[in-house]
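Chains as they are written, first to last, in the working numbering: chain A, 1 to 717; chain B, 1001 to 1204. C-beta: ideal position from N, C-alpha, C; glycine also. In what follows, a single structure is set out as structure tokens and then discussed.
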Amino acid sequence: MELEKFTYDNKLAKYFIYATITWGIIALLVGLTAAFELIFPSLNGGIPWFTFSRIRPVHTNGAIFAFVGNAIFTAVYYSTPRLLKTPMFSKTLGAIHFWGWQLIIVAAVFTLPLGYTQSKEYAELIWPIDIAVVVVWVIFGINFFGTILNRRIKHIYVSIWFYIATWVTVAVLYIVNNLQLPTSFLHSYPIYAGIQDALVQWWYGHNAVAFFLTTPFLGLMYYFIPKAANRPIYSYKLSIIHFWALIFIYIWAGPHHLLYSSLPDWVQALGIVFSIMLLAPSWGGMLNGLLTLRGAWDKVREDPTLKMFVVGVTAYGMATFEGPLLSLKTVNALSHFTDWTIAHVHIGTLGWNGMLTFGMIYWLTPRLFNTKLYSKALANTHFWLATLGMLFFSIPLYFAGFTQSLMWKQFTQEGYLAYPNFLETVTQIMPMYYLRAFGGSLYYTGVILFAVNIWKTVRVGKFVRYEEFSAPALEKVPVIEEKIAWGWHRKLEGNVAKFTIFALIAVLIGGLVEIVPMYLVKSNVETISAVKPYTPLELEGRDIYVREGCYLCHSQMIRPFRSEVERYGEYSKAGESVYDHPFQFGSKRTGPDLAREGVSSLPNYKPDSWHYNHMLDPQKMNAESIMPPYPWIINNNLDVSHTASKINVMIKLGVPYPKDYASKAVKDLNTQAHKIGENLRSAGIKVDDNKEIIALIAYLQRLGTDIYKDRELNNND
Amino acid sequence: MTTENKNIRNHQDGYEIDTLTNDRLIKGHDYDGIRELDNDLPSWWKWLFYLSIVFAIIYSVRLFVFKSPDLIQADEYNNEMADFKKNKSKINANQAASFEVKLLTGDASLTKGQDTWTKICAACHLADGGGLVGPNMTDNYWINGNTVQDLYNVVTNGVIQKGMLSYKDQLSNEKRLQVVSYILVKLHGTTPANPKAPQGKKYE
């Protein structure tokens, strides 16, 4: 049999390892900073780009796309050639992929703190960067699928299945969720509004977890666990079943992020039942990972890589048990909007993604540098710091979430809210925030040890750039296949085009069934005639609200519970947000809900002058408040140079402004600003009409008022 | 870089066995040295999957066919509110029977009043009562009168045009009276750090 010689080039795997570690150190440090800012709100020092609400997206995007993203590419660029017995398709495309991805991250690191954001969680990047992401992703795809076409192995291995599903689905999710119309080079409005925007966003957000944090890591697991343990995969059949079940079911589960929102019951129900059905497929992955270690448990005790893998896969099992649990309405009524969610996602990222990444790099680096790991003891210390850090991070937050939620719902015997002041429920859980920051610090210390260990290993060793290999060409490979059950699937593994199309169909079904009827069937979003478009000043104020990331701590979605209606007013209706491009429902209440902030007959209402003083110095109004000060909103002049183009884009998106309203918008804006300015001045505040705070106040005082109009006094009278 | 497989032996029927677990390896499944076993799905896993599907079916039928009120959001809310209203009329009757607006001077009541002041009122009137968004509570100037009943009315009904909220749905009449008493007994006449300029009419 004639053998063909070829070489694996390890350069990109090495680069991606360096990028993973570098961005890991940065993204986690930003997270830690955010944790401390929640304890010391004035830590931002009045600096906009250093404020919690500006850096939180840097942390989330950084952890997901920079840290985990580069870890994924490390795994793909190392394992794909070896699993397919061929070098990567193109070195040039690989280099463009690597540098393109790092440039995108750099762009994100600069734009997000400066307030250039779309405000959709984990999809905050502005449209020019979105385009770059799609281009780089396509380049990655060409390189990846090109490699598959050149393969010298007939059937593709389960890791490759997961990589394929990842590539296809992320492409679909990213493009659909980021459809937007630019108003300028740095700003745009999404084509969707309100509840429809929310549904698309959480279809994306949930499946970013599924197809960026989960499926590629299952691919990684299926390669590195058997390699590191030198054990066969426990069950090929389980691989097949859990792969298809996972990708088909996952995509439906997005609506569980919107339980008890104004999303119609039927969509919520689909989100719930598919989340429950997701448990077994997820655990299939965990089982296949852990059971592969049968016969190697003695090594697990010794080997830091395997230890990390075991804790990582176990964390995956915990997180995927908790996910379905949180999708039950009764549990979700308690957990949603609280720190419970934060604890949940960190079990996934710190545990599953973090531990697998560390384990992979501990295993890979000595092999790439033809040496031993610099210090096993250091790696073991890292393992314990990471494990303890994770527990100190999450357990206090579970407790915090539970406590706060119960306090929100508590009534006195007379039928009043037991804690009418939201702040009381925050003050109560502050000790838990301290513990979380402590847990985060432990975890972070571990990451630093990890970086040092890898750095030292690299210094000692000598990089093995090329590895020679030989194998027969694909058409000459003799097929030694014994007949087993599931032969039809074996055929599919040999036909990658068909496999990819099937995977695409599997992931498209759920999204189509949920999203399309939301557009076509009118009854899903009822029309409320009192709901009108925002005035130009309110629109500008809303864009400031988006820029500052207010949605990261304040929801705008009152759930239909007596405790919320008492606290915040009438529960939110789908028809109220039809002009909200983008929606601002939020997913966490670190501060109170603002959906009806402007309704003066409700308990949450505050006069204009209160908002002015509060933005300047929140602690002056509430000594224990953990809201950071926003003095620059007071000082900045409002930029109205894009107001007309914003109105025009809104008109294109179907918001019913009069036809040539753009030309009159600034005049109306000034009139309304003058009125609010007068109101503030009459309260003894020295302020000019052209400040950003005026626009923000206009927006806040508009919030939730439309359906209350005939019920209350106009608060400006 | 083929992995060394010393844990494999040939079975007499021609297939390969993993010696550490005695499980059957699938022939031809070899990826960079990674082999796969021909194990079946664990049966408890299969049952978990089946049960979750049964749950999904039952849930869907209850919602889509029988329209169970505990699964329909609007019904759930209406039931919760109806339950509450039934009880509320009883509570209100009790409250009305034994309540009189009269200045409280007991330490316990004043401490409770202070608690409410710090948690709720201080956001606009500041903790020391000096006023910021809302008026100064320490001086002799009052916009809406200076008797217990006057203040009680303001706290109860609010002065919406001025930004003062109504607290009748947030604080029980007991609590409203406590906080009003706290203002009149404790706060009034003290010297705050940055008093707001007088507003309203002077009362001696």
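Can the beta-carbon of residue i be found closer than 8 Å to that of residue j?
i       : j       : result
Y612/A  : I544/A  : no
P582/A  : D197/A  : yes
I626/A  : P41/A   : yes
V136/A  : W161/A  : no
Q201/A  : W127/A  : no
G704/A  : G598/A  : yes
Y163/A  : Y1031/B : no
L1025/B : D1038/B : yes
T349/A  : L213/A  : yes
P255/A  : V273/A  : no
H155/A  : G494/A  : yes
I47/A   : A574/A  : no
S718/A  : A253/A  : Not covered by the structure: residue 718/A. The range shown for chain A is 1 to 717.
L83/A   : M221/A  : no
G284/A  : L238/A  : yes
T117/A  : A228/A  : no
First and last residue of the alpha helix (DSSP H) that includes residue i?
i       : result
A319/A  : 304–326
Y708/A  : Unbroken run through Y708/A: none, as it is neither H nor E.
T183/A  : Where T183/A is concerned, there is no enclosing alpha helix (DSSP H), although the beta strand (DSSP E) it sits in stretches over 180–184.
N177/A  : 158–177
T1147/B : T1147/B -> no alpha helix (DSSP H), and no H or E assigned at all.
H614/A  : 608–616
K1186/B : Note, K1186/B: premise wrong, no alpha helix (DSSP H); not H, not E.
G1028/B : Looking at the DSSP string, G1028/B is not in any alpha helix (DSSP H); the run it does join, the beta strand (DSSP E), is 1023–1031.
Below 8 Å on the Cβ atoms is my guess for residue i versus residue j; work out the distance and round it to an integer in Å.
i       : j       : result
F1084/B : R562/A  : 6 Å
T1138/B : G1189/B : 6 Å
G289/A  : V311/A  : Contact doesn't hold; Cβ gap of about 12 Å is too wide.
L388/A  : L442/A  : 6 Å
T7/A    : E468/A  : 6 Å
F722/A  : G146/A  : A question about residue 722/A goes unanswered here, because the residues of chain A that appear run from 1 up to 717.
I233/A  : T292/A  : 5 Å
L38/A   : Y433/A  : 5 Å
V68/A   : V507/A  : Wrong, their Cβ atoms sit about 20 Å apart, outside the cutoff.
Any beta carbon from chain A within less than 8 Å of residue i's own beta carbon?
i       : result
C1121/B : no
A1082/B : no
T1003/B : Unreliable positioning characterises T1003/B in this predicted model, as indicated by a pLDDT of 45, which lies under 50. The coordinate reading is nonetheless provided below. Yes - at least one Cβ of chain A is within 8 Å of the one on T1003/B.
L1110/B : no
H1011/B : no
L1165/B : yes
Just to confirm the assignment, what range does the beta strand (DSSP E) spanning residue i have?
i       : result
M471/A  : The identity of residue 471/A in the sequence shown is Ala, whereas the question assumes Met. Note, A471/A: beta strand (DSSP E), 466–471.
L397/A  : L397/A -> not in any beta strand (DSSP E); alpha helix (DSSP H) instead, spanning 376–409.
N1010/B : 1008–1010
S188/A  : 187–190
Y434/A  : Unbroken run through Y434/A is the alpha helix (DSSP H), 422–460; no beta strand (DSSP E).
So that I know if they touch, is there some Cβ in chain B lying closer than 8 Å to that of residue i?
i      : result
M277/A : yes
K667/A : no
D717/A : The pLDDT assigned to D717/A is 36, lower than 50, so where the model puts this residue is not dependable; a value taken from the coordinates is nonetheless given after this. Taking Cβ atoms only, chain B reaches closer than 8 Å to D717/A, which makes this a yes.
Y699/A : no
S235/A : yes
D706/A : no
P582/A : no
P182/A : no
E424/A : yes
A280/A : yes
P128/A : no
I153/A : yes
Should residue i be listed as close to the ligand GDP, given that the test is whether its C-beta is under 7 Å from any heavy atom?
i      : result
V525/A : Ligands in the displayed structure: none, and consequently the ligand GDP is not present.
For the segment 490–501 of chain A against the segment 189–205 of chain A, do three or more pairs of beta-carbon atoms, one drawn from each stretch, fall closer than 8 Å, so that the two count as touching? Counting Cβ pairs under 8 Å, fewer than three are found: no touch.
Pair every Cβ in the segment 1097–1108 of chain B with every Cβ in the segment 1159–1168 of chain B, then say whether three or more of these pairs are closer than 8 Å. Taking a cut-off of 8 Å on C-beta distances, the segment 1097–1108 of chain B does not touch the segment 1159–1168 of chain B, as fewer than three cross pairs fall below it.
Under 8 Å: do the segment 50–62 of chain A and the segment 1008–1019 of chain B share three or more Cβ pairs, one atom per stretch? No: fewer than three Cβ pairs fall under 8 Å.
Are three or more beta carbon pairs between the segment 367–386 of chain A and the segment 418–430 of chain A nearer than 8 Å? Note that the segment 367–386 of chain A does not touch the segment 418–430 of chain A; fewer than 3 beta-carbon pairs, one per stretch, sit closer than 8 Å.
Would the segment 258–266 of chain A and the segment 294–301 of chain A be scored as touching if the rule is three or more Cβ pairs under 8 Å? No: fewer than three Cβ pairs fall under 8 Å.
Can you find at least 3 beta carbon pairs, one from the segment 343–358 of chain A and one from the segment 402–409 of chain A, that sit closer than 8 Å? With contact defined as three or more Cβ pairs closer than 8 Å, the segment 343–358 of chain A and the segment 402–409 of chain A are not in contact.
Should the segment 106–113 of chain A be regarded as contacting the segment 1056–1070 of chain B, the criterion being three or more beta carbon pairs within less than 8 Å? Output reads no: the segment 1056–1070 of chain B does not touch the segment 106–113 of chain A.
With three or more C-beta pairs closer than 8 Å as the rule, is the segment 513–531 of chain A touching the segment 665–681 of chain A? Between the segment 665–681 of chain A and the segment 513–531 of chain A there are fewer than three C-beta pairs closer than 8 Å, too few to call the two in contact.
Are at least three pairs of beta-carbons, each pair with one atom in the segment 650–667 of chain A and one in the segment 448–464 of chain A, less than 8 Å apart? No, they do not touch.
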